[in-house]
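The structure appears below as structure tokens.
In this note's numbering, the protein residues as written are 783 to 1057.
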């Protein structure tokens, strides 16, 4: 972690993630857990074995002993998704006090896609090259025009420009903002699990994957346990577990008698390799 401390790790076209400070390591997780387990645990179970046990049984408190503070630069529309994770401390760059930079997120052509027909909040097929170039041109033109109007409103007639807190309302959601974000490991792993998933929006997923790399460097034992039990594992409902046991016993189970909806039945079969 010391090698990447204060270094800006690039994300998207103008964004970055920078580690500002951190507290704890794998040993801190183990230390906190052993306060609960009492004397003698050290001999009974190794550090990594204990971390895996904690992760497997969802004993989350020891993971909260580790914290990290990050300086993040990201588009405003990504920030509005990100802020839904309310288990962190956030201090954002204020456009009431300062003038925002002329920097906008412009997607690459391969990241421009039509609306998905299967997922109301997702993307479908990638746009044809000509259409993608037209979208990019529109985004650039509109972003630059909005920023020029922003500067004009700030300047006013040369003596009394519009207040910064009002002039900012015309800026597009793809302009970049910055914030300091402090979070404990337990909640950071939850963020990575959700936003690093393949179903997450590409732009926020790009940040989540950088955070995943940081955690794997910072806490290798905890990351291996998390990758095994959470990222690479699966959680079954009572109905799914009952069906799986019946299948393992050689029974044939149909969706009608499974107690699952059609969608859950499809997900279950995909999960066990029968999709």
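Backbone N, C-alpha and C fix where the C-beta goes; we use that ideal spot for every residue, glycine too.
N-terminal and C-terminal residue of the beta strand (DSSP E) that residue i is part of
i           : result
residue 908 : 905-908
Residue i, DSSP secondary structure in three states
i            : result
residue 790  : strand
residue 803  : strand
residue 881  : coil
residue 1003 : helix
residue 1034 : coil
residue 1017 : coil
residue 900  : coil
residue 924  : helix
residue 1113 : What the structure shows of the chain is the stretch from 783 to 1057, and residue 1113 is not part of that stretch, so it cannot be assessed.
residue 972  : helix
residue 1056 : coil
residue 979  : coil
Sequence-distant residues of the same chain with beta carbon closer than 7 Å to residue i, five excluded per side
i            : result
residue 795  : 887, 888
residue 994  : 974, 978
residue 875  : 959, 960, 961
residue 984  : 893
residue 833  : 808, 811, 812, 1003, 1004, 1007
residue 825  : Note on residue 825: pLDDT 46, under 50, position unreliable in the model; the coordinate value appears next. Nothing meets the Cβ criterion.
residue 1035 : 1025, 1028, 1029
residue 877  : 946, 950
residue 1054 : 1026
residue 928  : 952, 953, 954
Residue range of the unbroken alpha helix (DSSP H) whose run includes residue i
i            : result
residue 1044 : 1044-1053
residue 895  : Note, residue 895: premise wrong, no alpha helix (DSSP H); beta strand (DSSP E) at 895-897.
residue 995  : 984-1000
Residues of its chain near residue i, where Cβ-Cβ distance is below 8 Å and the 5 sequence neighbours each way are ignored
i            : result
residue 911  : 891
residue 800  : 788, 789, 790, 791, 852, 853, 854
residue 862  : 955
residue 992  : 791, 793, 799
residue 1037 : 1044, 1047
residue 1052 : none
residue 885  : 796, 957, 958
residue 982  : 976, 990
Close Cβ partners of residue i (< 6 Å) along its chain, the five nearest in sequence each way excluded
i            : result
residue 851  : 802, 803, 964
residue 935  : 944, 949
residue 844  : 811, 814, 815, 836
residue 769  : With the chain represented from 783 up to 1057, any question about residue 769 goes unanswered, as that position is not in the structure.
residue 856  : 797
residue 1021 : 1041, 1042
residue 872  : 961, 963
residue 986  : 860, 863, 977
DSSP bridge partner residues for residue i (one or two, in chain order)
i           : result
residue 798 : 792, 855
residue 886 : 957
Cβ-heavy atom distance, residue i to the ligand HEM, below 8 Å
i           : result
residue 985 : The ligand content of the structure shown is nil, which means the ligand HEM is not present either.
For a minimum of 3 consecutive residues, which ranges assigned as the beta strand (DSSP E) are wholly contained in the segment 823-879? As far as the segment 823-879 is concerned, its whole beta strand (DSSP E) runs of at least 3 residues are 849-857, 871-874.
Let me know the beta strand (DSSP E) ranges lying completely inside the segment 929-970, each 3 residues or longer, listed in chain order. 958-966
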